[in-house]
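In this note's numbering, the protein residues as written are 50 to 505.
Shown next, in structure tokens, is the structure this report addresses.
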Ligand code: ASP
């Protein structure tokens, strides 16, 4: 039994949905189909989820005129698909009605309204796709996450699956025919709809795959495989045929958008292999993500870079001897709900690297003031505009000289290294550099580690 998840571009219009149907029909073991909201049809297009977020904002701000305009844009996305797929017009009416109900319902707070509208993108698309499957003679049905028991924590936009959900969802195994399941959201124990983080349909797919103990979780997207580097930065990068969960997790953390990093957890814990495949080229074997892979001849499997990091730099004489300094520093961040990414340290100084987006209005001043007064430090300041460049590969563990090769490559291009961090697992090596150097750093590192490699 396989769970197949289709991302936004795979279900963006009638032509794509026909491809999805053909893929499902080609393999009877594809029993559960998880779908995203209609994504971009062209580069310049807007994702339905983004339109829905806009719609929710207009509803929250009581902007009636803008609200109607955006509602029409959303409905038109579906209307086009309904007519191109030759479906009954009343499906379009149902979608319009569903959106109106969501817009006018009572919500305890704005976040609930935002989630309810955001999630309608996948929900209505799943209904539409199930209707299309039936119209071409497939035995298929739409299943609502509430009825199926996809229970999640009550954190709007950041839901976490509750352990009890797995048992309930396991019952989907008994269901006849193909199940079409909307991605991206679940329900709290009190019955409130809650969404996963953006890109979270991957998470739904992984949860379902783990719950039904699928043999394979197929994640269909619009590329043939996961590449060793971002193809918009490096020309024609290597296709990764097989990688471990850990390698994928590290690469998605550092900006490989092909698979959501949180989605790996359920698959990894339950040992479900994941395959990233292309809806537009299903014959291509894709990238297989598994627990273990064959011996690693090459140290590095992929290179990624992510931008938007800031460093909180703290210096205090004899910091190394002060018991509890680190805890108190992190507590100040915790009080502001700030999570950290890395903490490279010296004896008298430490840098806490965080995502810049967390430094919202006034937060920076508050943190600095508290660190200064409560920890009586000699210096504290925040620098922005950093990128984290990551070399990832299980093979690094057994290779000597990876740091030397990488830093030589960066120095060839005059890239200043602000920070180096290697986790004890030695699956990744992180360089903190200035954002402006990120692309050239990835290119030169790719050249160093993949330049002379022969394609397999
Ligand atoms: N539609 C949602 C988003 O754009 C979730 C997803 O596609 O995975 O983030």
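In this text, a Cβ means the ideal position worked out from N, Cα and C, and glycines have one as well.
Every value quoted in this text rests on a predicted model; they were computed, and no experiment measured them.
query, result
"Contact belief for residue 489 with residue 462 at Cβ below 8 angstroms, rounded distance in angstroms", "5 angstroms"
"Proximity test, residue 312 beta-carbon vs the ligand ASP heavy atom, cut-off 7 angstroms", "no"
"Rounded C-alpha distance that separates residue 344 from residue 448", "12 angstroms"
"Beta-bridge pairing of residue 391 - partner residues as DSSP gives them", "402"
"Residue 117 in three-state terms, based on DSSP", "helix"
"Whole alpha helix (DSSP H) elements within the segment 242-275, 4-residue minimum", "250-260"
"Minimum C-alpha distance to residue 214 - residue among 184, 261, 176, 171", "261"
"Rounded straight-line distance, which links the Cα of residue 184 to that of residue 152", "30 angstroms"
"Selected residue, minimal CA-CA separation from residue 337, among 274, 319, 284, 301", "274"
"Any 3 or more C-beta pairs closer than 8 angstroms across the segment 159-178 and the segment 217-236", "yes"
"Inter-stretch contact at 8 angstroms, needing at least 3 Cβ pairs: the segment 198-205 / the segment 152-165", "yes"
"Residue 272 and residue 73 closer than 8 angstroms at C-beta", "no"
"CA nearest to the CA of residue 335, picked from 269, 286, 352", "269"
"Residue 98 beta carbon near the ligand ASP (any heavy atom closer than 7 angstroms)", "yes"
"Segments of 3+ residues assigned as beta strand (DSSP E) that fall wholly inside the segment 56-110", "79-84"
"heavy atom of the ligand ASP below 7 angstroms from residue 233 C-beta", "yes"
"Span separating the alpha-carbon of residue 505 from that of residue 350", "Interpretation of residue 505 is limited by its pLDDT of 48, a score under 50 that renders its predicted location unreliable; the figure taken from the coordinates is listed afterwards. The alpha-carbon atoms of residue 505 and residue 350 are separated by roughly 13 angstroms."
"The alpha helix (DSSP H) enclosing residue 432, as first and last residue numbers", "Note, residue 432: premise wrong, no alpha helix (DSSP H); beta strand (DSSP E) at 428-441."
"Cut-off 6 angstroms between Cβ atoms - residues of its own chain near residue 256, not counting five sequence neighbours on either side", "210, 315"
"Distance, residue 141 Cα to residue 420 Cα", "56 angstroms"
"Local conformation of residue 306 per DSSP, three classes", "coil"
"Enclosing alpha helix (DSSP H) for residue 534 [first to last residue]", "Given a span of 50 to 505 for the chain in the structure shown, any question on residue 534 remains unanswerable."
"CB of residue 414 within 8 angstroms of CB of residue 404, strictly", "no"
"Short Cβ contact (8 angstroms threshold) for residue 401 with residue 417", "no"
"Where the alpha helix (DSSP H) through residue 460 begins and ends", "451-461"
"One or two residues paired with residue 470 in a DSSP bridge", "479"
"Coil, strand or helix - residue 355 by DSSP", "strand"
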